[in-house]
Each structure stands twice: as C-alpha cells, then as structure tokens.
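Numbered per full-length UniProt numbering, the sequence shown spans residues 1 to 296.
The next block holds one structure in the form of structure tokens; read it before the comments.
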Amino acid sequence: MDKKMPVLKFGVPKGSLENATDDLFARAGWKIHKHERNYFPEINDPEIVLSLSRVQEIGGYVAAGILDAGISALDWLKEMDLEDKVVQVSNLVYSKNSLRQSRWVLAVAGDSPYTKAEDLAGKRIATEVQHLTECYFKSKGVDVNIFYSWGATEAKVVEGLADGIVEVTETGTTIRAHGLRIIDEVMCSNPVLVANPAAWADPVKRRKIEQLNLLLEGALRAESLVAIKMNVASENLAKVEAMLPSLNSPTISPLQNGTWFSVETVVQTSIVRDLIPRLKEAGAEGIIEYSLNKVI
Numbered sequence: 001m002d003k004k005m006p007v008l009k010f011g012v013p014k015g016s017l018e019n020a021t022d023d024l025f026a027r028a029g030w031k032i033h034k035h036e037r038n039y040f041p042e043i044n045d046p047e048i049v050l051s052l053s054r055v056q057e058i059g060g061y062v063a064a065g066i067l068d069a070g071i072s073a074l075d076w077l078k079e080m081d082l083e084d085k086v087v088q089v090s091n092l093v094y095s096k097n098s099l100r101q102s103r104w105v106l107a108v109a110g111d112s113p114y115t116k117a118e119d120l121a122g123k124r125i126a127t128e129v130q131h132l133t134e135c136y137f138k139s140k141g142v143d144v145n146i147f148y149s150w151g152a153t154e155a156k157v158v159e160g161l162a163d164g165i166v167e168v169t170e171t172g173t174t175i176r177a178h179g180l181r182i183i184d185e186v187m188c189s190n191p192v193l194v195a196n197p198a199a200w201a202d203p204v205k206r207r208k209i210e211q212l213n214l215l216l217e218g219a220l221r222a223e224s225l226v227a228i229k230m231n232v233a234s235e236n237l238a239k240v241e242a243m244l245p246s247l248n249s250p251t252i253s254p255l256q257n258g259t260w261f262s263v264e265t266v267v268q269t270s271i272v273r274d275l276i277p278r279l280k281e282a283g284a285e286g287i288i289e290y291s292l293n294k295v296i
C-alpha cells in the first residue's frame, strides 16, 4: 500500500481555545500530540500537517495561503477585515469552558452613571479589538477615544485609566468580579473553520477539509446528546414510545420471545435524568445510557 503524504496544512489555536480544540479533535477521531516549545504538533493522520498559532493570527495565515485551512474565530476575522478573504466553511460553536458562543461586551464601573453606549460620548474605551469597537460605536453614532489594551483590560476601569471597556466573556463572571457592569453586547463570536480560497478550489485539499468539518461538527453535535437503550414489554411499548424524543424516531426491535422489544434512541443530555425514572415507571427495564462521540 502506498504511504499517504501530507495534503493539508492546518492551523489549530494556541491559548484559551487550545485544550477545548484538542478535546474536540480527539472526539472527532484525531489525536493531537504536542511537544514542549514546539509549534508543530503531531497528529495521527499522515495527510495533515498542523501548525500551532494564536487564533488571532490563523485567519491571516489562511488568507495569505501560508496555511490551507484552520480554526479561526468570527471576531478576529472581522477585526482583521478577513471575512471576504477566506472561505468560512462552518461555525464551530464552542468556547474555552462550554459549548456556547463567547460575547464581546461593553462594560463600565458598577457605580458609574453610564447605562448605554451614548452615555460614553467623548470617553476613553480600552479594548483588544479596536476595529470592532470602532464599528460598534460608529453604528451608535457615538464618538469615543479608543485605545489598545495589552491585557488586564478589566483593571483599566478600576485603575481609572478608562471609562469603559470592550472585552470578551463567556459568562460575565470575571467582569463582575472586577466590580464592572455590562451595559451592552457588541457581538457574539465562536470558532470558525476557514479555508484558503485556492485550497478550497483544490479537489484533494477540499475533500480533506470537508472530512475534518464533517467529523468536527459531528463531535460537537454529540456533546449535548446521549443514547439510551431499554427493554419494553409489548403492553407498555406505546406508553414508553410516546415519552421518547429523538433525532428521528426510536429504533424498536422485537426480541426473540416476541412479547418484548428493544428500544433505542438519542436524547438531550439535559433531560435524561428526569426521563429515565419516568421510563422505569412506565415499565421499561434494563435501561442503559451511553455517551456518543459523533452524531453525523
């Protein structure tokens, strides 16, 4: 058998999304192995060469053709004016600690009189995303003084260096912990799989990108789902079936004795703890719950 050769240079994020991305790839079927101080991690797929970069940079590398594809983010594509310079293959909705979008928010001191963007006219705004912030205030018709924050953005208001900040958050906990108050949402963001237009036009590269996308999306979809399987007597089957939400409909198979059935379905993780006791009360037996790696 011919040895497979690399066909795709792919960028994966370093930093806040790094561990979540590694876990996602593992569930999708690709194991990433990293060496200390090495920006070229290994992956168990000879057709892929990985490059480890900040999510802020990956979109630019893909647009320039240095990378064929990678995981960027909606906010940084907009901040760097790259939205039309790459192919946005799909949105991958996950963040550092959850399966939800992150939010760029406008925040001010908790005891300040400001309640809306218009109240900050002429004030100083600290942020890491100057272009996004400029577009936001321009859409409000408000002139402000925007300056770049190199980190510890929340502290800028506390220290009196800024009147407000535009900062990214998942839950708002860190912002509130600094005594700040969110007064508006600037934009929502999530990781996005992007491809270089020339790579996307190459049938071999595109096939590999689409394979990655299919399985990554499937792994994300499976994260909020579980499968349950049970045995149900014929007289209880209709009652049990009526309780079961599913991607389509439950799989029902007769057992050998003819009076019992095996019932299998996929449900949201959030409902299973309430559903299983109800199924038991309805006559289901031998109930098994198991996790899923991918749902395609």
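Glycine included, each C-beta is placed from N, C-alpha and C at the ideal position.
In this text the structure is predicted, and so the values were computed from the model without any measurement.
- Check the Cα spacing between residue 238 and each of 130, 252, 270: the tightest is with 252.
- Taken atom to atom, the span from the alpha-carbon of residue 260 to that of residue 241 is near 13 Å.
- In its chain, beyond the 5 residues on either side, 295 have a beta carbon closer than 6 Å to the beta carbon of residue 221.
- Nearest neighbour of residue 293 by Cα position, chosen from 256, 218, 62, turns out to be 218.
- Judged by DSSP in its simplified three-state form, residue 30 adopts coil rather than helix or strand.
- Residue 19 counts as exposed, since fewer than 16 other beta carbons sit within 10 angstroms of its beta carbon.
- Residue 216 and residue 165 have their C-alpha atoms some 34 Å from each other.
- Rounded to the nearest whole angstrom, the C-alpha separation of residue 266 and residue 94 is 21 Å.
- Residue 275 carries a helical assignment under DSSP once its states are collapsed to helix, strand and coil.
- Remark: three or more beta-carbon pairs, one from each stretch, lie closer than 8 Å, so the segment 15-35 and the segment 48-58 are flagged as touching.
- With respect to residue 78, residue 132 sits close: the two C-beta atoms are nearer than 8 Å.
- A direct Cα-Cα distance of roughly 10 Å separates residue 287 from residue 227.
- Taking the Cα positions, residue 224 is about 20 Å away from residue 278.
- By the CB criterion at 8 Å, residue 193 and residue 74 fall outside the cutoff.
- Collapsing the DSSP output to three states places residue 219 in a helix.
- Residue environment analysis places residue 185 among the exposed positions, since fewer than 16 neighbouring C-beta atoms fall within 10 angstroms of its C-beta.
- Excluding its 5 nearest sequence neighbours in each direction, residue 32 has C-beta neighbours in its own chain below 6 Å: 22, 25, 41, 43, listed in chain order.
- For residue 132, there is no enclosing beta strand (DSSP E); the enclosing alpha helix (DSSP H) covers residues 130-140.
- Shown here, residue 230 sits in a strand according to DSSP, grouped into three states.
- Apart from the 5 residues on each side of it in sequence, residue 48 sits with its Cβ closer than 6 Å to the Cβ of 8, 10 in its chain, given in chain order.
- Comparing C-alpha distances from residue 46 to each of 60, 12, 4 shows the shortest one belongs to 4.
- If you look at residue 187, you'll find it in the beta strand (DSSP E) that goes 180-189.
- In the three-state reduction of the DSSP assignment, residue 107 falls in the strand class, which pools E and B.
- In the DSSP assignment, residue 174 falls within the unbroken alpha helix (DSSP H) covering 173-177.
- Non-local beta-carbon contacts of residue 34 in its own chain, meaning distances under 6 Å to residues more than five positions away in sequence, involve 41 in chain order.
- Contact annotation, residue 90 with residue 189: C-beta distance approximately 14 Å; criterion of less than 8 Å not satisfied.
- With a cutoff of 8 Å on beta-carbon distance, residue 145 and residue 175 are scored as not near each other.
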